Amino acid sequence: DQQVKQNSPSLSVQEGRISILNCDYTNSMFDYFLWYKKYPAEGPTFLISISSIKDKNEDGRFTVFLNKSAKHLSLHIVPSQPGDSAVYFCAASASETSYDKVIFGPGTSLSVIP
Amino acid sequence: NAGVMQNPRHLVRRRGQEARLRCSPMKGHSHVYWYRQLPEEGLKFMVYLQKENIIDESGMPKERFSAEFPKEGPSILRIQQVVRGDSAAYFCASSPPSVEQGSSGWIKNIQYFGAGTRLSVL
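Protein chains in written order, with the working numbering: chain A, 45 to 158; chain B, 562 to 683.
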C-alpha cells in the first residue's frame with residue numbers, strides 16, 4: 045500500500061523552462077511534506093518542505109504547492125538548470141508522532157536538457 | 562560539522578555471510594533511521610532508533626536483519642546469512658531530538674542522509 049505516490053517515473057525539461065514534479069498521498073493524517081533531491085551515488089539531500097497550514101512555500105527557484113483537499117502537492121523549479129538533473133523524492137509525515145518518521149514516494153527522475 | 566558518515570561505501574558479500582553496515586550520525590543528533598533502496602525503487606523505511614533504543618522497526622524484515630544504536634559508537638545495521646535479494650543501497654539518516662509544540666503537535670525535523678552503503682551479494 046503506497047501512501048505517497050509519484051506517478052511520473054521520469055521527466056525531461058528544456059533548460060530555462062519550468063519543471064513540475066507531482067506527488068499524491070493517501071493518508072489524511074499527513075500534515076508535513078518534504079522534497080528531497082538525490083544525485084547518483086549520493087544520499088538524498090533536503091530541498092524544501094511545507095506544513096499543512098500553508099498552501100505554498102517558496103525558496104529561490106523552488107516552490108512547493110499543497111492542495112490538502114486533493115491530497116496533492118507539486119514542486120515547481122523555475123528556471124530549470126542542468127544541475128537540477130537528479131531524482132526527486134516526495135516525503136510525508138504526521139505531527140501526531142513525536143518522531144520524524146517520513147514515508148517516501150518512489151521518486152521522479154528529472155533530466156534538464158541544455 | 563561533519564555530516565552523516567556511513568561505511569563502508571561498498572560491501573561485497575557471498576551468500577550466507579554476514580553484512581555489517583555502520584552509521585555515525587551528525588553531531589548532536591540522537592535519532593537514526595535506516596532505509597533501503599532496491600534498484601529502480603524508492604526509499605523504504607526500515608528502522609528508527611534512539612540511543613540504546615529501537616523505537617520503530619516496522620519496516621525491518623523479521624528474520625536475519627537487526628539494528629542497534631549503542632550509547633557509544635555508531636549505529637549498526639546487521640544482515641545475517643545474506644541472500645542475493647539483499648543487494649541494495651542502504652541509507653542512514655539522522656535528526657536532532659524532536660520538540661513538542663504544545664497542542665499543535667511536534668515540530669518536525671529534517672533528516673540528514675549519509676551517502677549510503679551499496680551491498681552486493683554474490
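Ideal Cβ positions, reconstructed from N, Cα and C, are used throughout, including at glycine. Quick caveat, the model's predicted, so the values are computed rather than measured.
Going by DSSP, what residues sit across from A:K100 in a beta bridge?
For the purposes of this step, residue 100 of chain A is identified with residue 56 of the first sequence, where counting begins at 1. Bridge partners of A:K100 according to DSSP: A:F109.
Would a check of beta-carbon distances place B:A563 closer than 7 Å to chain A?
Stepping through the second sequence from its first residue, residue 563 of chain B is reached at position 2. For B:A563, the answer is no, since every Cβ of chain A falls outside 7 Å of its Cβ.
Run the CB neighbour count on A:S56, radius 10 Å, all protein chains shown included, and call it buried at 16 or more, exposed below.
By 1-based counting over the first sequence, the position of residue 56 of chain A is 12. When all chains shown are included, A:S56 counts as exposed.
On the DSSP letters alone, give me the boundaries of the beta strand (DSSP E) that B:I616 sits inside.
Within the second sequence, numbered from 1, the residue matching residue 616 of chain B stands at position 55. Annotation for B:I616: the continuous beta strand (DSSP E) segment containing it runs 614-617.
Between B:R679, B:S681, B:V682, B:N670, which lies nearest to B:G589 when the distance is taken from Cα to Cα?
Translated into the one-based positions of the second sequence, residue 589 of chain B becomes position 28. Checking every option, the nearest Cα to that of B:G589 belongs to B:N670.
So the candidates are A:A85, A:I157, A:N101, A:I97; which of them puts its Cα closest to the Cα of A:S118?
Sequence index remark: in the first sequence, residue 118 of chain A carries index 74 (1-based). Among A:A85, A:I157, A:N101, A:I97, the Cα nearest to that of A:S118 is on A:N101.
Just to confirm the assignment, what range does the beta strand (DSSP E) spanning B:R625 have?
The sequence position of residue 625 of chain B within the second sequence is 64, counting from 1. Premise fails: B:R625 is in no beta strand (DSSP E) and is neither H nor E.
For a test of the three-state rule: what should DSSP assign to B:D647, helix, strand or coil?
Mapped onto the second sequence, residue 647 of chain B falls at position 86. In the three-state scheme derived from DSSP, where H, G and I count as helix and E and B as strand, B:D647 is classed as helix.
For B:R576, count neighbouring Cβ atoms within 10 angstroms of its own Cβ and tell me buried if that reaches 16, exposed if not.
Locating residue 576 of chain B in the second sequence gives position 15, where the first residue counts as 1. Looking at its Cβ environment, which holds fewer than 16 other Cβ atoms inside 10 Å, B:R576 is exposed.
For A:I157, count neighbouring Cβ atoms within 10 angstroms of its own Cβ and tell me buried if that reaches 16, exposed if not.
Reading the first sequence from its first residue, position 113 is the one you call residue 157 of chain A. Exposed, by the Cβ-count rule.
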